[in-house]
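Protein sequences appear in the order of chains D and A. This note's numbering numbers the first residue of the first sequence as 358 and each following residue consecutively. This note's numbering numbers the first residue of the second sequence as 5 and each following residue consecutively.
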Amino acid sequence: MGITTRPDYVELRCRSAFSFLDGASLPEDLVAAAATGGHDTLALADRDGVYGAPRFFAAARKAGLRPIVGAEITLAAGAAPVLLLVEDRRGYQNLCQLITAAKTGKQKSDPVDAAVDLLAAHAGGLTVLAGAAPRADLPALIDIFGRERVWLEVQRHFDAAEAHRNRDVRAQAEALGVGVVATNDVRYATPLQRSVHDVLTCAREKATVDEIGRRLAPNAERWLKPSREMQLLFRDMPAAVRATRAIAERCAFTLADLGYVFPDYDVPPGETQQSFLEKLAWAGVDDRYDADDEIRPKVRRQLARELGIIDRLGLAGYFLIVWDIVQFAKSRGIMVQGRGSAANSAACFVLGITAVDPVRMDLLFERFLSEERVAAADNAADRMPDIDLDLPSGDQRELVIQHVYEKYGARGAAMTANVITYRPRMAVRDAGRALGLAEEQLNRIARHLPTWLMAGDEPLETHLAAAGFPPTGHRNRLIAEVARALLNLPRHLGQHSGGMVIAAGRLDAVVPLEPASMPGRVVVQWDKDDCADLGIVKVDLLGLGMMAVLEEAVPMIRRHEGVTIDYAKLPADDPKVYGMLRAADTVGVFQVESRAQMATLPRMKPTHFYDLVVEVAIIRPGPIVGKMVNPYLERRNGRETVRYPHPSLEPILKRTLGVPLFQEQLIKMAMTAAGFSGGQADELRRAMGFKRSQERMNTIEGALRAGMARNGIHGGAQDEIIQGIKSFALYGFPESHAASFALLAYASAYLKAYHHAAFTAALLNAWPMGFYHPATLVTDAVRHNVEPRPIDVARSGWRCDVEDGGRALRLGLRYVSGLREETGKRIEAARAAAPWTSLADFAARAQPNERELATLAEVGALAALGGTRRQALWQVDAIGKSGPLFAHAPANDVAAAPLPEMTAEEEMAADFHAGSITTGPHPITFARAALDRRGVTRAADLGRVANGRRAAMAGVVIVRQRPGTAKGFVFITLEDETGFANAIVTPQRFAKHKHVIVASHSLVIEGVVQNLDGVVSIKADRFMELGGDAGTVDISHDFH
Amino acid sequence: MRIACVFVPQLALQAVLRRTPDARGVPVAVLEAPPLPNPPPAGGGRGSESNGGRGSESGGRGSDKARGRRVARVVEFSPEARREGVRAGMTGAQAAAVCAGLRLLTVTAADREAAAAALADVGYAFAPRIERAGERIFFETEDLARLYPAGETAIAQAVQAAAARVGLGVRVAIAASKGVARLATRAREIALVPTAAGPARAALASIPVETLAEDDAALAAAFRRWGLRTAGDVAALPIDAVGLRLGPTGARAGRLARGEDDEPFVPRLPDDALEEAIELDYPVAELEPFSFVLRGLVDRALGRLRERSLACAGVTLRLALDPRGVDVRTVPIAAPTGDAATLLQLARLDLARRPPAAPIVGVRLLALPARVRATQLDMLRPAGPAPDRLAATIARLAALVGPDNVGAPAIEETWREEAVGVVPLTLTLSPLRGERGSEQARLTIRRRRPPEEIEMLIDREGLAAFRGRETTARVLVAAGPYRLSGEWWKEEHGFSRTYWDVHASDGAVYRVHQDGRDGRWYLDGYYD
C-alpha cells in the first residue's frame, strides 16, 4: 500500500468563495480544514483571479501551512479551463499579467476568454493542471508549457461516470507522455457546506432548488478531505498521489515574495527623497505659524522627531507622493483635506496635507506612525502609515484620480477593490430565492432585516418570524440556516470608493487588474485590507459631498455678497455659530445634522471647537453602545461627578471627563491599565478599524483582563474598562479624525450662520448628500429668512444660485424632473446670448423635448414668458405641432388657454411631482385649518407644552429611523410649516401601527410630550395618515 | 341608429369561471403563460387547475430554461383575491403565498375563445348581425323595440340575463354610436345615452378622464396635467385645439366626451368559419340519439372542408336548450383532422364529461378550417399513430382518469434515480438519444418501483450476498460505491445513498443501494 506517516497527498485544485458563487468556504476556513485534515501544503486556485490569495496566504502562514498560489483560467473558443499553479515569482508575474490581459478591454460582466497565444506569452514559471477529462488541445498546451509542466487529473467523487473519464485521461496521458495527478476539485471546506454551495449554484444559475435539477453536484464529495483519506482513495494510483507532492515542491512561490516597490517621488537634482521632504516641511512651518507664535518651538521639536522617524523608516517618498497629489488638487482650486490618523502628524499639517494642528491639539503621533509598531509588525500593513484625503465629491475628485492614473500610467495605478460580502439582506434574499420564495416575500423579509448583524443581535430566525416566516416552517428554518452560513462570504467584486494603489513599474505584475464598471477605471483584485496586508501602499481619495458644498459656496458668496471666505482663517469659536449649534439649528451642517445629533446638541451646549470634536465623535455606535454618551453629558452639565475607572487613567481621560470617547484614549488605556506592549496595542488598534472586529476583539479581551489583573485592576473597574474598549469595535472615531471632521462641521455651520442662502444653494447642488431631502433644506432656509425663488427659465441656471446679495435662493433647472443636463446647459447658453422673447422663441432656441417643455410649464418655470402654469402648458403642448409658421409666431395668446388654473395646493403637488421641491407654501399649510380644528399643535409650539402632557402633532415625515443601537425603538421626525417635531415609538407600538408608520408620507401623531433640557419629543401612541395633497408628498429618508 | 355595446369585464376570469363554476365566490387568480413559439402540445387546449404550487405554472415539462421563460403569471383575479393582496403579474407561487386558499386557474386561448363565442351568441340571440371586438360585442337595437316595448332598459336587462345564462356577467350600454356606447359601458352596469348631442354629452359628463382615455396612459396623463377630471371637462375644450396638441387620439377622445362619434359599425361573421346547424323537432336528452344528429352535422361540415382541401382545426358547438338557454362549448382538437369519427368521438367525450343542463332542441356546429400538416416520418422508426387519432385516445383517457394523469413518463431533473413524472404527450419525433452519453445509453436497467428492500451480507471483502423477495444470490463482483445525495431542502430531509452494481451468482447484474439515513439496503433493478 505504501502509506507513509506523512501523507504524500497535496490538494492542488481548491476553490474558495472568491470564485464568486462557485465556492462555499472562505480561504481561512479552507486553511483550518486543511490543518485539521493533516495537510501541510494547500493550493488555492479561484476562477480567473487571485482574489482570495492574500487572505489565504495570511491564514496559511498563521496555521503553519505552505500556501500555493494559482488560478483557474477560462480559455477562449469554449476550451475547458486550465488551472495554473505558480512556481516562482516570474510565474506569479506571468499569471497576474495573463489575467490582466485576458480581462483588458472587456466589460466587467464579460466572461474571461484567454486565447492560446496569450497563454504562450505568459507560460514561464507556471504548471498546468489540465482537468479531469481528455482534451483536444492537450498537444498545444504541451507545446506552450513543456511536457513536464502539463498534468492531466484524475478525480474520485464516487460518481460512476468518473471511472470512465479517469480511464480515458490515463490513456491520453500515456499517449502524449504527460503525467497524471490526483485532485479533488474542492468547493467547500467540510461536507456541511454542501447546502451552501447548492444555494450559490442556484444564485449563479438563477434557478430555485426545485428547478435546478442535475445542475447541482450529485453528492457532497467536493470537500477538503483529509490528506490520508485522499491517499487511500487513490491507493491504486500511487504515482498520481506522489505527483501532487512533486508539483507542490516545485511551486515554491508565496506572496511574501510579491516584488512590490513603491515609486519614488521625482525630486529636483541634488536632493534625496528625505532632504526634499525636510525642505518642504520646514518651509511649511513658516507658512502655518506666525514667527512669534509661542508654540513654534514645540512644533519644531515634534517635526524634527517625526522627520527622524520618517527617515529611519524610509517613508519620505510616500509623504512626497501624497504631498504631490495635494499640490495638484490645490493648483486646480480643488479643496483637499487629509482625514483619519494622518491628522495626528505635524509633518502632514505643515505639508498642507491635513488641516488640524496636532501640536496645538496635543494629538498622539503614535496613532499614525510608530517605530515600535513597525519593528514589531509581522505584517506589511502595519509598517505603512495611512493617509486618506477628502476631496469634493463628483468631477473634482475624478480629476485628481485621473491625475494619478496619468502620472503613474495605466498599468502603474489602480483603484482597490471592494469585496462585496453577504450581509443579512442579501444572504436571506439569495437563500430565500433559491428555496422558492417570491420577490414580494423577499422584499417583506428584507424590510425586517438590519444591514449588519452584530454579535448579540437577534438571530435571523427572529427577523424572519417578524416578517411572517416563523421557523416552524421547514423551509423558513432552512433559509435562516443557509443565510447564516452565507454571511461574510464574498459575493462579487466592487470598486472601493477612493482607495488607489500605486507601484513603481508594473502593478499588473503584482496583482491582476480588471476593468471596473465605471469607464476609464481599473481595479486590482484585492481590497484595501488585502493590499495593506501585503505592503501595497494605498492612498484613499475619498469624495465628500460637504467639501463640494464648501468649495462651491466660496465663489457664490464672493459674487453675490462681495465677501471672500477663507476656511483656514474663519473666526474661532464664533458665538453666533455656537449659539446656533446649541439650539440644534443644524439642518445641513456636516456631521451634526442628524436627529440624534440634534437631540444631543442642546444638552452638550458646545461653546468651543473641542466641544465640536467631542460632539462629532460621541454620536457613534461605539460610544452609544458603550453607554458613554449619558455619563459624559451628565458630567459636563455638573449633574454627575467626574471619576475614572482607575486612578492611573486620569491623565488619559481627563479631557473627556473620565469617559473614553476616542480610539487613542483606548489604546493608551490598554497600555496603561493592562500593560499592553506596542504590538498588542497595535493589534487592538487594528481590531478597532477592522470589519470583522468583533471576533478579533473577543480574542483581545482575554489579554486585556490578564494584563489588568496583573496591574491590580479587578472587578467593576476591569469590566468598565473592557466594556469601554470592546464597544469601540462597533465603530468609534480617532480623535484626529473627529477633529478633521469637526473643522468641516464648523466651516459648514459658519456658512449656515452667515451665508445661509449660498450654503443652501451649494447643498442643493451637491445633493444627494447628508440627511435631509432638498425640500427640507429649502424649508429650513425659509425659516432663516432666505427668500426662496422658483425655477425660472429666464433666471435659473442648471445649478441653484443666490440672488439679491445673498437674501434669496434661486432654484436651478437640475431640480426639474427629467430635464437633461444638456438641455439645462443649452438654456443657460441661449439665454446668455439673448433673452427669450416668447415661449416659441424659448422652444426654438433651447430645444427642449416635448416632455421637458411640458414639465417646465408644469413647475411654473415658464412664468416669465407670460401666463400661468396651465396657460403655459396649453401653449407648449401646441409648439412644434403645426409647422414652422406657428413656431415663429409670437406667443401672445397664452391668456386664451381654456384650462382650469391650478390651485395653490395643486401647484405644490405639481412642484413635488415634477420637481421634488417647492418654493410655495409648505404642504402642511393646506391642512392647517383642519389640523387646528383637531387641536394639533404646531412644531414650533411643541416646546411650550409641559413635560408629561398629551399633545398631537402633524407633518410630512422627513426621517424614519430604527437604529441598530436603539433596541427596536423607532424615531420619526415630522416637518410642518414651522419646523421639526420628533416622535419616539416603542417596539410594541411600532409592531402594532407599523403599516401606517411605514406607508404614510404624512402623519398625525399623538402621545405624551417629553420636554427635557430643551429637547422636545413625543412618546407616540396614536398614528393617523394625513390625507389630501400633503399626504402625497414623499420626502422621507428612511434608515435602519 | 341605436347601438348596444355589451362588455365583459375581466374576460379571462369570467372565461375560466364558466368552466369552473364552483370557484365563484372564493379567491381566484387567473394565470396565463406567454405564448409558445411553437404550436401547443397535443392534449392541450383545455385549461388546467391546481390549488397553488408550481405545477400549475407550466403547460409542459420542457427544459428548465424553456420553462423559466414561460412562467405563467396572474392576469386577472377575483375581488376576494384582490382583498388578500393578489396582483396582476405575480407568478402562481407568489400569489398563493400572499393568499391562503387561493385557487389558481389557467386561462387558455380556448377559454377566451369560448367566452367570446358565448358572448357572440348572446348577441346573435338579439340581432342577426353583430360586431365582435375582444371582450365586447356591438349590435343594432332598433329592431328590438317591438319585442321590448318597455324600452331600452328592458333590452339591456334582457341582454344581461341572457349573458348570465351562459355564465357571463356583462355591462350594457345603448347609444347612438359605437364609441359612445363603448365609453358608456365603463360608467355603469346599464347605461342609456340619449341620441341628441346635448343630453348625450350631459350623460357622459361625469365619466373620469382615465376611462375616457381608456388604455392610452399618455393621453390620460396629458388630461391630468391639464387639470381635467371628467369627460365633461374634456368636452368643454375646443376639439381642434385638443387635436393639435394631443393628436388624433386626443381629438377623438374630445369628440367622444361630447357624445360625438363616427366610428362605423361593421358587423360580420367569423373569418371563414364554417357553420352547420340543425333544429330538432323534439328535445333530445340522451347522448346516443344526439350523436346521430351530430354525425350528420360533422359529415356535412367536413365534406365542405374537403371540397376546399382543408381539415378541421376546432369545433364549437352551440346547443339550443329546452325551453330556453344556450350551451356553447369548444371541443379541443390536438391536430387538424378530416376524420369524422375522431371529431365525433371528441365531441361525444366532451358532452359526456359536461352534459348540457337541459335537453337539446337545436345545434349549430362551427368548424374552424385549417391546412393539414404533413408529418415527416422517421425512416428508422415505425410509423406512429395518426396525430388526430392519438388526440382522441388521449382525450378519452383523460375523461376516464383525469387530464393530469395522462401523458408520457419522463425522468425528473433530480439525482434521485427512480424519480419520474408525467408530462403531456407530444407528437414531435426526436432521434433516440441517451440521457448521459452514448456509452450509457446502451445499458438498460429494469427498475423496481418502488425499490425492493433486501438483506445484504457484508464480509471483510465487502458485499458478499443478498436476499430479496425473489432473489437470493452471492455477490461475485461489486462495482462502486457511487454516492448520490441531495434534496436536503425537502421536508423528509432529502436522500443520501450509496449505490453498487453487483454481478450476482445467479448471473444477473443488479443495482443495489444502501440508504444513508437508516442503513437499509434496497434492490433498484437489474441490467438487461
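All C-beta atoms in this analysis are idealised placements derived from N, C-alpha and C, irrespective of residue type, glycine included.
{"query": "Buried or exposed by the 16-neighbour rule on C-beta atoms within 10 Å, applied to Met875(D)", "result": "exposed"}
{"query": "C-beta contact flag for His479(D) and Asn576(D) at 8 Å", "result": "no"}
{"query": "8 Å Cβ cutoff, Gln98(A) in contact with chain D", "result": "yes"}
{"query": "Three-state secondary structure assigned by DSSP to Tyr798(D)", "result": "For the record, residue 798(D) in the displayed sequence is Gln; it is not Tyr. Of the three classes helix, strand and coil, the one that applies to Gln798(D) here is helix, per DSSP."}
{"query": "Inter-residue Cα distance where the pair is Val469(D) and Gly892(D)", "result": "28 Å"}
{"query": "Below-8 Å beta-carbon distance, Trp493(A) vs any chain D residue", "result": "yes"}
{"query": "Any alpha helix (DSSP H) of 4 or more consecutive residues that is wholly inside the region 954 to 988 of chain D", "result": "966 to 975, 978 to 982"}
{"query": "Three-state secondary structure (DSSP) of Tyr486(A)", "result": "strand"}
{"query": "Lys494(A) - DSSP class collapsed to helix/strand/coil", "result": "coil"}
{"query": "Cβ of Ala795(D) within 8 Å of any chain A Cβ", "result": "yes"}
{"query": "Any chain D beta carbon closer than 8 Å to Leu461(A)", "result": "no"}
{"query": "Other residues of its chain near Ala224(A): CB distance less than 7 Å, five sequence neighbours each side excluded", "result": "Val213, Glu214, Ala217"}
{"query": "Beta-bridge partners of Gln161(A), as assigned by DSSP", "result": "Bridge partners of Gln161(A): none, in fact."}
{"query": "Where Val176(A) falls: helix, strand or coil (DSSP)", "result": "strand"}
{"query": "Phe227(A) versus Val238(A) - alpha carbon distance", "result": "8 Å"}
{"query": "Residues that Met1259(D) contacts on chain A, provided the C-beta gap is smaller than 7 Å", "result": "Gly231"}
{"query": "Within the region 1062 to 1100 of chain D, ranges of the alpha helix (DSSP H) (whole runs, at least 4 residues)", "result": "1072 to 1084"}
{"query": "Alpha carbon of Ser376(D) to alpha carbon of Asp403(D), nearest angstrom", "result": "5 Å"}
{"query": "Secondary structure of Phe1347(D), DSSP reduced to three states", "result": "helix"}
{"query": "Assigned secondary structure, Cys888(D) (DSSP; H/G/I helix, E/B strand, else coil)", "result": "helix"}
{"query": "Contacting positions in the region 1262 to 1284 of chain D - beta carbon closer than 8 Å to chain A", "result": "Glu1263"}
{"query": "Any chain D beta carbon closer than 8 Å to Pro556(A)", "result": "This structure does not reach residue 556(A), given that chain A is present from 5 up to 532, and the question cannot be answered."}
{"query": "8 Å Cβ cutoff met for Ala257(A) and Phe142(A)", "result": "no"}
{"query": "Nearest-angstrom Cα separation, counted from His1358(D) out to Thr1389(D)", "result": "6 Å"}
{"query": "Residues that Ser489(A) contacts on chain D, provided the C-beta gap is smaller than 7 Å", "result": "Asn576, Ala577"}
{"query": "Test: Arg420(A) CB closer than 8 Å to a CB of chain D", "result": "no"}
{"query": "Proximal residues to Ala101(A) (C-beta, below 7 Å), its chain only, five neighbours per side dropped", "result": "none"}
{"query": "3-residue-minimum beta strand (DSSP E) runs that sit fully inside the region 524 to 588 of chain D, ordered along the chain", "result": "536 to 539"}
{"query": "Beta carbon of Pro872(D) nearer than 8 Å to that of Lys460(D)", "result": "yes"}
{"query": "Three-state class that DSSP yields for Glu871(D) in the structure shown", "result": "strand"}
{"query": "In DSSP terms, what Asn772(D) is bridged to", "result": "Contrary to the premise, residue 772(D) reads as Met rather than Asn in this sequence. Note: Met772(D) sits in a beta bridge opposite Met857(D), Val880(D)."}
{"query": "As assigned by DSSP and simplified to three states, the class of Ser1105(D)", "result": "helix"}
{"query": "For Thr95(A), the three-state DSSP class (helix, strand or coil)", "result": "strand"}
{"query": "CA-to-CA distance, Ala791(D) to Phe826(D), given in whole angstroms", "result": "16 Å"}
{"query": "Own chain, CB closer than 8 Å to Val163(A), minus 5 neighbours either side, in chain order", "result": "Ala8, Val10, Val126, Phe130, Val174, Val176"}
{"query": "DSSP three-state assignment for Trp508(D), whether helix, strand or coil", "result": "strand"}
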